[in-house]
Amino acid sequence: MIKNNEKQTLVSVKGVDDDFTKVTKVDSSIVEGKYQINQKKNFIVLGRGVANILGVNIMQISGELSLLSPNKGRTSNLNAQDNFTQVYLTPNGLFSLNDEFDYQFVFVSLKTARELFSDSIRVSAIEVKCNNKEEVQKKLISMLGNDYVVKNRYQLNDVLFKTLETEKLATFIILAFILIIATFNIIGALTMLIIEKKKDIKTLFSLGADLSLVRNIFMREGFLITGVGATIGLILGLFVCWLQIKFHLVTFGDEFVIPYYPIELQAKDFVWIFCLIMLIGFFAALYPVRFFTKSAKLD
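Note that our numbering has the sequence shown beginning at 37, numbered continuously upward.
Put into structure tokens, the structure is as follows:
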């Protein structure tokens, strides 16, 4: 529990050493004050949500905060204060990652955490930064055996990442349905074109052209309409994405570590979209071309 005068809240305390910023770069998420965890001084870095609950203003620090943790194995019925280990800390920075993290975590030095939890030897977690996560994971699995489970970030938060992938797939399907609806324009355009060109079609038949040749002409026309529309749409989409990356037009709230909507351009997405549009355009052109060219020949 952390207290500031009469205000208090429950938090998760993370004791870190001097190399913590080399692994997580939490210092880049500081929104007020600065990240300074000193093993010789009792400093604390708070989440913005925790600071709001406690009414802490880094620019106008009026005193120290008190951090309390239940004592292990010994209790006193006479004085409740004796059941807790209490340390006093000076706030010197606020970080902002997301609401869940900001309202839960505070960072203190490893020395302070050991004093708070009355444990001068053990550590509860080790965070390591590596260049090849997959190779490190394989080596850890081979070293530790079946008694331990080794997970990377994606496996540890598989529900979250599966949800994000599902949202991406759902967005793709919704846009595909919009494209299907838009194909009625292609059907209408080709139908009107064939009706307008009925005399020309009859002329081609009179000159010896067969039905497949006439159909190929209008199918290519349909592909041309679809291809030009797809190319223009992809160029416009690329331009809008570039604007978002460059100028951050769509923004989030201040409580997020990334204040704007992030976009990553992937070539495979453009290829998939182009192929889908062309496939839909093919089926959209198939019906009017087959039906109306045959009708024109019979006429």
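We put the beta carbon where it would ideally sit given N, CA and C, even for glycine.
Computed from a predicted structure; not experimentally measured.
Do you know whose CA, among K61, S105, D53 and L301, lies nearest T45's CA? Nearest to T45 by alpha-carbon distance, out of K61, S105, D53 and L301, is S105.
Can you tell which of A320, V276 and K50 has its C-alpha closest to the C-alpha of T227? Measuring from the Cα of T227, the nearest candidate turns out to be A320.
For T148, does the count of other Cβ atoms within 10 angstroms reach 16, so buried, or fall short, so exposed? By the neighbour-count rule (16 or more Cβ atoms within 10 Å), T148 is buried.
Going along the chain, which unbroken runs of the alpha helix (DSSP H) with 4 or more residues stay wholly within the region 184-239? Whole alpha helix (DSSP H) segments, 4+ residues: 189-192 and 194-232.
Comparing alpha-carbon positions, which option in I309, K238 and V52 lies nearest I216? Distances from the alpha-carbon of I216 to those of I309, K238 and V52 put I309 closest.
Would you mind listing the beta strand (DSSP E) stretches within the region 47-94 that are 3+ residues and don't spill past its ends, in chain order? Fully contained in the region 47-94 are the following beta strand (DSSP E) runs of length 3 or more, in chain order: 48-52, 66-69 and 79-83.
My output table needs one value for I309: the three-state DSSP class, helix, strand or coil. I309 falls in the helix class under three-state DSSP.
Tell me whether the region 120-129 and the region 46-53 touch, counting them as touching only if at least three CB pairs, one residue from each stretch, are closer than 8 Å. No, the region 120-129 is not in contact with the region 46-53.
Residue nearest to T57 in terms of C-alpha spacing, selected from V81, Q140, M37 and K76: Of the listed residues, the one whose Cα sits closest to T57 is V81.
Quick one, are the C-beta atoms of G263 and M314 less than 8 Å apart? Taking 8 Å as the cut-off, the Cβ atoms of G263 and M314 count as close.
Could you tell me whether the region 230-241 touches the region 267-286, where touching means 3 or more Cβ pairs closer than 8 Å? Verdict: no, contact absent.
Assign Y297 to one of three DSSP states: helix, strand, or coil. DSSP places Y297 in coil when its eight states are reduced to three.
Here's the rule I'm using: 16 or more other beta-carbon atoms within 10 Å means buried, otherwise exposed. How should A87 be labelled? Burial call: buried.
How many Å lie between I162 and F259 at the Cα? Taking the straight line from one Cα to the other gives about 58 Å.
Specify whether the region 141-160 and the region 64-84 touch according to this definition: at least 3 beta carbon pairs, one from each stretch, less than 8 Å apart. Counting C-beta pairs closer than 8 Å gives three or more between the region 141-160 and the region 64-84, which meets the contact rule.
Just to check my reading of the structure: N128 and G91 have Cβ atoms closer than 8 Å, yes? What is that Cβ distance to the nearest angstrom? So it is not a contact: roughly 16 Å between Cβ atoms.
With DSSP as the reference, label Q302 as helix, strand or coil. Here Q302 carries a coil assignment [DSSP, helix/strand/coil].
Assign Q44 to one of three DSSP states: helix, strand, or coil. Of the three classes helix, strand and coil, the one that applies to Q44 here is strand, per DSSP.
According to the Cβ coordinates, are T329 and V250 closer than 8 Å? Going by beta carbons, T329 and V250 fall inside the 8 Å limit.
Taking only three categories from DSSP, how would you classify Y139? Looking at Y139 - three-state DSSP - the assignment turns out to be coil, as it is neither helix nor strand.
Give the range of the alpha helix (DSSP H) segment to which G273 is assigned. Per DSSP, G273 belongs to the alpha helix (DSSP H) from L247 to F283.
Tell me which same chain residues have a C-beta within less than 6 Å of the C-beta of Y297, skipping the five on either side of it? Closer than 6 Å at the Cβ level, and outside the excluded window around Y297, lie V286.
Residue(s) in a DSSP beta bridge with L104: When beta bridges are read from the DSSP output, L104 appears opposite Q122.
With DSSP run on the structure shown, which of helix, strand or coil describes F131? In this structure, F131 counts as strand in the three-state DSSP scheme.
Taking only three categories from DSSP, how would you classify S145? DSSP, reduced to helix, strand and coil, places S145 within a strand of the structure shown.
Smallest Cα separation from L247: which of V67, V325, I268 and S154? The shortest Cα separation from L247 among V67, V325, I268 and S154 belongs to V325.
C-alpha gap between F191 and V172, whole angstroms: The amino acid at residue 191 is misidentified as Phe; the sequence shows Gln. In a straight line, the C-alpha of Q191 is about 15 Å away from that of V172.
Assuming Q173 is part of the alpha helix (DSSP H), what are its boundary residues? Element bounds for Q173: K169 to L180.
Is the region 218-226 in contact with the region 175-191, if contact means three or more CB pairs nearer than 8 Å? Verdict: no, contact absent.
If distances are taken between C-alpha atoms only, which option among K108, G99 and F283 comes closest to D155? Residue K108 holds the alpha-carbon nearest to the alpha-carbon of D155 among K108, G99 and F283.
With distances taken from CA atoms, which of L176, V144, D194 and N193 is nearest V17? Given that the chain is displayed from residue 37 to residue 335, the structure contains no residue 17 and the question cannot be resolved.
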